[in-house]
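Here the protein sequences line up with chains A and B, keeping their order. Here the first sequence stands for residues 0 to 317, numbered as in numbering that gives the first Met the number 0. Here the second sequence stands for residues 0 to 317, numbered as in numbering that gives the first Met the number 0. Backbone N, C-alpha and C define an ideal beta-carbon position, used for all residues, glycine too. As the structure is a computational prediction, the values presented were derived from the model and not from experiment. Worksheet: the structure to be examined is printed underneath.
Protein chains: 2
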Amino acid sequence: MTIKEIAKLAGVSTATVSRIINNSGKVKEETRIKVQNIIDQNNYRPNQVARTLFKKKSNIIGIIVPDLSNMFYSKIIEGIQNIIDNTNYSLMISFSAGSDDKKYIDFIRKFQQENVDGIITSAFSGEYVTKIKTPIVMYDSANIEDNIIRIASDNKAGGKLISKFLNKNIKKVLIQHLDLSLPTVAERFNSLIAELNKRDITYNLVAVEGLSKKHASQKVLENIKHFDAVISVNDEYAADIIKESRLNGFKIPEDFQLVGYDNTNLAQYTDPTISTIDQQAFEIGKAAARRLIDRIDGNKNTENTIIPVKALKNESTK
Amino acid sequence: MTIKEIAKLAGVSTATVSRIINNSGKVKEETRIKVQNIIDQNNYRPNQVARTLFKKKSNIIGIIVPDLSNMFYSKIIEGIQNIIDNTNYSLMISFSAGSDDKKYIDFIRKFQQENVDGIITSAFSGEYVTKIKTPIVMYDSANIEDNIIRIASDNKAGGKLISKFLNKNIKKVLIQHLDLSLPTVAERFNSLIAELNKRDITYNLVAVEGLSKKHASQKVLENIKHFDAVISVNDEYAADIIKESRLNGFKIPEDFQLVGYDNTNLAQYTDPTISTIDQQAFEIGKAAARRLIDRIDGNKNTENTIIPVKALKNESTK
DNA sequence: TTGTATGCGTTATCAG
DNA sequence: CTGATAACGCATACAA
Numbered sequence: 000m001t002i003k004e005i006a007k008l009a010g011v012s013t014a015t016v017s018r019i020i021n022n023s024g025k026v027k028e029e030t031r032i033k034v035q036n037i038i039d040q041n042n043y044r045p046n047q048v049a050r051t052l053f054k055k056k057s058n059i060i061g062i063i064v065p066d067l068s069n070m071f072y073s074k075i076i077e078g079i080q081n082i083i084d085n086t087n088y089s090l091m092i093s094f095s096a097g098s099d100d101k102k103y104i105d106f107i108r109k110f111q112q113e114n115v116d117g118i119i120t121s122a123f124s125g126e127y128v129t130k131i132k133t134p135i136v137m138y139d140s141a142n143i144e145d146n147i148i149r150i151a152s153d154n155k156a157g158g159k160l161i162s163k164f165l166n167k168n169i170k171k172v173l174i175q176h177l178d179l180s181l182p183t184v185a186e187r188f189n190s191l192i193a194e195l196n197k198r199d200i201t202y203n204l205v206a207v208e209g210l211s212k213k214h215a216s217q218k219v220l221e222n223i224k225h226f227d228a229v230i231s232v233n234d235e236y237a238a239d240i241i242k243e244s245r246l247n248g249f250k251i252p253e254d255f256q257l258v259g260y261d262n263t264n265l266a267q268y269t270d271p272t273i274s275t276i277d278q279q280a281f282e283i284g285k286a287a288a289r290r291l292i293d294r295i296d297g298n299k300n301t302e303n304t305i306i307p308v309k310a311l312k313n314e315s316t317k
Numbered sequence: 000m001t002i003k004e005i006a007k008l009a010g011v012s013t014a015t016v017s018r019i020i021n022n023s024g025k026v027k028e029e030t031r032i033k034v035q036n037i038i039d040q041n042n043y044r045p046n047q048v049a050r051t052l053f054k055k056k057s058n059i060i061g062i063i064v065p066d067l068s069n070m071f072y073s074k075i076i077e078g079i080q081n082i083i084d085n086t087n088y089s090l091m092i093s094f095s096a097g098s099d100d101k102k103y104i105d106f107i108r109k110f111q112q113e114n115v116d117g118i119i120t121s122a123f124s125g126e127y128v129t130k131i132k133t134p135i136v137m138y139d140s141a142n143i144e145d146n147i148i149r150i151a152s153d154n155k156a157g158g159k160l161i162s163k164f165l166n167k168n169i170k171k172v173l174i175q176h177l178d179l180s181l182p183t184v185a186e187r188f189n190s191l192i193a194e195l196n197k198r199d200i201t202y203n204l205v206a207v208e209g210l211s212k213k214h215a216s217q218k219v220l221e222n223i224k225h226f227d228a229v230i231s232v233n234d235e236y237a238a239d240i241i242k243e244s245r246l247n248g249f250k251i252p253e254d255f256q257l258v259g260y261d262n263t264n265l266a267q268y269t270d271p272t273i274s275t276i277d278q279q280a281f282e283i284g285k286a287a288a289r290r291l292i293d294r295i296d297g298n299k300n301t302e303n304t305i306i307p308v309k310a311l312k313n314e315s316t317k
């Protein structure tokens, strides 16, 4: 069913039908009713593709997600959807971008071919992104000042808050970390280290990039007897450390204390529950969507948005 | 950058450029190279929207997901993406459809306006779905024989397998359940009940539809002293029961045993770990995507696909 | 082997 | 208030 057929059935021109669909221009009430009836009877809906071609506006937003198995990202998506729900936009999504810059670029190109009005992507590196003409917002990004809109968690505050979980008796901590060359990781890490130095807490590092969670946990537990606390990458890794600890007879927080990050659902279902930093993923998603829509609507502001974090004390620290 | 501009720069017609882009028709090697160079230099990509309008094929698949906070659905999406990755399709997604039939219909209409080639949706009810012309596949559906392709977990086997977790000493169980008028819920439930009857195990029901997880758990624990085991709705509800049990001084599996469903990540991170039925969500997603693409490619078979389930014994039963 | 012309479904311009 | 028509970017039928 096309606008042409409706016009024919109604005995008017396509222009008139178009006017009625879009509430544009003047139409006699009588013909409006007549045509609207035909539209309803035939359950006609305008073809969005043809509209997009003409208007050069698709009402589609493209979203790139690195990994859906981490509930942190699910929450971000829910935040995005929460904002999008009140608009006329649809969401086109690519999952599993991982941390492969090439995949991000491929996805963005594909989105551009579909004439998306804007893109929300998790952060990736390379100069390519600065050349993108399509309105774009990066979430889960470090607070980098350039010409693109970044939604950054307050990683500096996050690193600092971690140390709040470490009580006076803690002298030596083990820090589990991902690739320190990643800007977000570095932001949080540097802030944490600065705080530890201030308090004369010593630390060792254990890199877990590319390791399975189980393997990562085992590396942590190998020398755990020399440490008072473990600062893990996030709640997922923390949960796994709890699991492996149980299998190996370690008690948390008695034998060592444990700090997570993100405040995903997991944090409240483990035993002990995980002391963690809430990044407010839902808010990140909402901010990303709002900023993008703003940008699409012509707002040229490219300042970053920093989402505050909150410390959430649970049972894994004392 | 459009095909017209490329044609002009190359000194050929748009038809020739089109032939080169699509590897269709005969083109002299010399002109092919010349034009391809111009295409590459200008980083030209054909406009997918215009293509869709002409070809009436969008290479977009629409996906409807009820609730992203349940990792069961995340896994299904990952399965879908796994198949889609090797194709030329993009994914348009609507989350948070919940169990509101109207929302499903709205989303489907929107997808149709975008000329999606097919739709993968979780099951919903109403006769509307049988009238949809767009190729459609329903996942997380009961095994209903009609003209639409359904990907169903083997709910009957699932219900039966649950009882395998119940040892000889178990005489009375508490069954937590959602709306029994939902076909999938009923399938599993009836199979479970039949099995319990066979074994002379008595049971009580506790409906939790619409309740918060916490509230649902509390209802379970109220009279728990009269029961030997709890069969919960899924791992999410089971995890919450574990949490509330701990707060209320109950020990699992000593005080009562507990069975989950789905085998989401949660099941292995709680203490005790949850005995559960693995629905193989990833396989469900893969099957849904495969069947849909098949259907789009012209396969008229509307038989359902039944995905087998597996029992996974963990610590919450003995 | 290449080019011309047409149409996909819609909206906007312009004339009546 | 209404209609005829061009244009959006592309792919194909038909001519050359």
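Self-check item: Inter-residue spacing [alpha-carbon to alpha-carbon] between residue 273 of chain B and residue 217 of chain B
Solution: 18 angstroms
Quiz prompt | Short CB-CB distance (under 8 angstroms) between residue 210 of chain B and chain A | solution = no
Exercise. Could you run through the segment 28-49 of chain A and flag, in chain order, every residue whose CB is less than 8 angstroms away from some CB of chain B?
Key: 44, 45, 46, 47, 48 and 49
Self-check item: Chain-ordered neighbours of residue 113 of chain B on chain A, where CB pairs are closer than 8 angstroms
Solution: 47, 48, 59 and 89
Self-check item: Inter-residue Cα distance where the pair is residue 51 of chain B and residue 80 of chain B
Solution: 22 angstroms
Exercise. Report the residue from A:112, A:100, A:107 and A:73 whose alpha carbon sits nearest the alpha carbon of residue 95 of chain B.
Key: A:73
Quiz item: How is the alpha helix (DSSP H) around residue 108 of chain B delimited, first residue to last?
Solution: 100-112
Practice problem: Go ahead and pull the three-state DSSP assignment for residue 141 of chain A. | Solution: coil
Quiz item: What is the DSSP secondary structure of residue 120 of chain A, counted as helix, strand or coil?
Solution: strand
Practice problem: Express the C-alpha separation of residue 212 of chain B and residue 281 of chain A in angstroms, rounding to a whole number. | Solution: 20 angstroms
Quiz item: Apart from the five residues on each side of it in sequence, which residues of its chain come closer than 8 angstroms, Cβ to Cβ, to residue 378 of chain A?
Solution: Absent from the structure is residue 378 of chain A, since the part of chain A shown begins at 0 and ends at 317.
Quiz prompt | Cβ-based neighbour list, residue 58 of chain B, same chain, cut-off 6 angstroms, excluding 5 preceding and 5 following | solution = 87 and 88
Quiz item: Per DSSP, what kind of secondary structure is residue 15 of chain A in: helix, strand or coil?
Solution: helix
Self-check item: Stretch-stretch touch, CB-based, cutoff 8 angstroms, three pairs: the segment 116-133 of chain A with the segment 63-71 of chain A
Solution: yes
Quiz item: What three-state label does DSSP hand residue 2 of chain A in the structure shown?
Solution: helix
Quiz item: Which of helix, strand or coil does DSSP assign to residue 312 of chain B?
Solution: coil
Quiz prompt | Supposed contact pair residue 256 of chain B and residue 169 of chain B - C-beta distance, whole angstroms, cut 8 angstroms | solution = 7 angstroms
Quiz item: Excluding sequence positions up to five away, which residues of its chain have a Cβ less than 6 angstroms from the Cβ of residue 324 of chain B?
Solution: With chain B covering 0 to 317 only, the question about residue 324 of chain B has no answer from this structure.
Quiz item: Just checking my contact of residue 264 of chain B with residue 70 of chain B at CB under 8 angstroms: how many whole Å lie between their CB atoms?
Solution: 6 angstroms
Exercise. Step through the CB atoms of chain B and report whether any lies within less than 8 angstroms of the CB of residue 268 of chain A.
Key: yes
Quiz item: Could one say the Cβ of residue 281 of chain B lies closer than 8 angstroms to chain A's Cβ atoms, at least one of them?
Solution: no
Quiz item: Measuring CB to CB, does residue 290 of chain B end up less than 8 angstroms from residue 150 of chain B?
Solution: yes
Practice problem: Please compile the residues from chain B whose C-beta is within a distance smaller than 8 angstroms of the C-beta of residue 240 of chain A. | Solution: Neighbours of residue 240 of chain A on chain B: none; closest Cβ ~11 angstroms, over 8 angstroms.
Exercise. Check residue 291 of chain B in the structure and name its three-state DSSP category.
Key: helix
Self-check item: Pair within 8 angstroms by beta-carbon distance, residue 82 of chain B and residue 138 of chain B
Solution: no
Self-check item: Inter-residue CB distance, residue 54 of chain B and residue 116 of chain B (contact presumed, cutoff 8 angstroms)
Solution: The Cβ separation is near 10 angstroms, so there is no contact.
Quiz item: Got a sec? Which residues, its chain only, sit under 7 angstroms from residue 104 of chain A by beta carbon, not counting five neighbours each side?
Solution: 127
Quiz item: Is there contact here, the segment 186-202 of chain B with the segment 146-161 of chain B, by at least three beta-carbon pairs under 8 angstroms?
Solution: yes
Practice problem: List the whole-angstrom C-beta distance separating residue 306 of chain B from residue 279 of chain B, where the pair is believed to meet the contact cut-off of C-beta under 8 angstroms. | Solution: 5 angstroms
Quiz item: Can you name the residues of chain A whose CB is closer than 7 angstroms to the CB of residue 80 of chain B?
Solution: 94 and 95
Quiz prompt | Bounding residues of the alpha helix (DSSP H) (the contiguous stretch that carries residue 242 of chain A) | solution = 234-246
Practice problem: Compare the C-beta of residue 311 of chain A with all C-beta atoms of chain B and state if any pair is closer than 8 angstroms. | Solution: no
Quiz item: In chain order, which alpha helix (DSSP H) runs of at least 4 residues are fully inside the segment 4-84 of chain B?
Solution: 13-21, 28-41, 47-54 and 70-83
Exercise. Measuring alpha carbon to alpha carbon, tell me which of B:315, B:0, B:5 and B:251 ends up nearest residue 164 of chain B.
Key: B:315
Quiz prompt | Pick from B:146, B:141 and B:140 that is closest to residue 133 of chain B, judged by C-alpha positions | solution = B:146
Self-check item: Residues bridged to residue 92 of chain B [DSSP beta-bridge criterion]
Solution: A:90 and B:62
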